[in-house]
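**Q** Quick note on numbering that gives the first Met the number 0: the sequence shown kicks off at 0 and runs consecutively.
There's a structure below that I have some questions on.
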Amino acid sequence: MKNRFTFLILFLLLTYITLNAQNAGEKAPLFEGKTAEGEIIKLESLRGKVVLIDFWASWCIPCRKGMPVLNELYEANKTKDFVLLGINVDTEVSKMKKFFSDLKISPSFKTIFDPEGKIPPIYDLEGFPTSIFIDKSGVIRYRHTGFKESDKITYQKELETLLSE
């Protein structure tokens, strides 16, 4: 009896997670947020461009490895219909700035500072970093959790595919 009850709870939990997670092919949930400089950015205003949203935090080790790759990807493609939008969930803006300083990166892409963590739940994150490619019509096409070196090639290929559409 106890095993059946445990199974039922796990089944319901997995069903809930599956039904509520944003998957490839679904419209990206809209949001707005502020950069550390006070600029308001609305996802809706980026329609017509390929958008890569990267959720990250200064305490995240894979984020430290992935950020230089993302910065390089953005620098190589920023003149195309491509926007990289960082979403930082640190509680203090100084931690976000120190992260970039430690990596010796001065990103030219925008980063929303979200200390209350309001945006990540909209996308049902499973971990950090999470990178989500959204096509020009606002549909989620690719989603990656974590970071490994081979992602550099994967991200470039996915970006090229979306830009060519």
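Just so it is clear, CB atoms sit at the ideal spot from N, CA and C, and this is done for glycine as well.
Remember, it's a predicted structure, so these values are computed and weren't measured experimentally.
Please determine if the stretch 59–71 and the stretch 26–35 are in contact, where contact requires at least 3 C-beta pairs separated by less than 8 Å.
**A** Verdict: no, contact absent.
**Q** Quick check: L42 and A27, are their CB atoms within less than 8 Å of each other?
**A** yes
**Q** Please state the DSSP three-state secondary structure of A20.
**A** Because the pLDDT of A20 is 46, which lies under 50, any placement of that residue in the model is unreliable, and the number read from its coordinates should be weighed accordingly. Coil at A20, not helix or strand.
**Q** Output yes or no for whether 8 Å exceeds the beta carbon distance between K97 and S57.
**A** A contact, by the Cβ cut-off of 8 Å.
**Q** Under the rule that 16 or more other beta-carbon atoms within 10 Å means buried, what is L29, buried or exposed?
**A** exposed
**Q** Under DSSP, the beta strand (DSSP E) around E25 begins and ends at which residues?
**A** First-last for E25: undefined, no H or E at that position.
**Q** Pick helix, strand or coil for L83, following the three-state DSSP scheme.
**A** strand
**Q** Below 7 Å CB to CB, which residues in the same chain sit around I39 once its five sequence neighbours on both sides are set aside?
**A** The answer, listed in chain order, is E31, K33.
**Q** Determine the DSSP secondary structure at L158, reduced to helix, strand or coil.
**A** helix
**Q** Look at the Cβ atom of K109, then the Cβ atom of K48, and state whether they are nearer than 8 Å.
**A** no
**Q** Sorted by chain position, which residues of the same chain lie with C-beta nearer than 7 Å to I104's C-beta, five sequence neighbours on each side aside?
**A** M66, P67, N70
**Q** Measure the alpha-carbon distance for I86 versus I152 and round it to whole angstroms.
**A** 22 Å
**Q** Any chance you could list the alpha helix (DSSP H) runs of at least 4 consecutive residues sitting entirely within the stretch 85–143, in chain order?
**A** 92–102
**Q** In the DSSP assignment, find the beta strand (DSSP E) that holds L51 and state where it starts and stops.
**A** 49–55
**Q** Count the other C-beta atoms from every protein chain shown that fall within 10 angstroms of the C-beta of T129, then say buried if there are 16 or more, exposed otherwise.
**A** Burial call: buried.
**Q** Whole-angstrom Cβ separation of E25 and I139, contact assumed at under 8 Å?
**A** Confirmed, about 5 Å.
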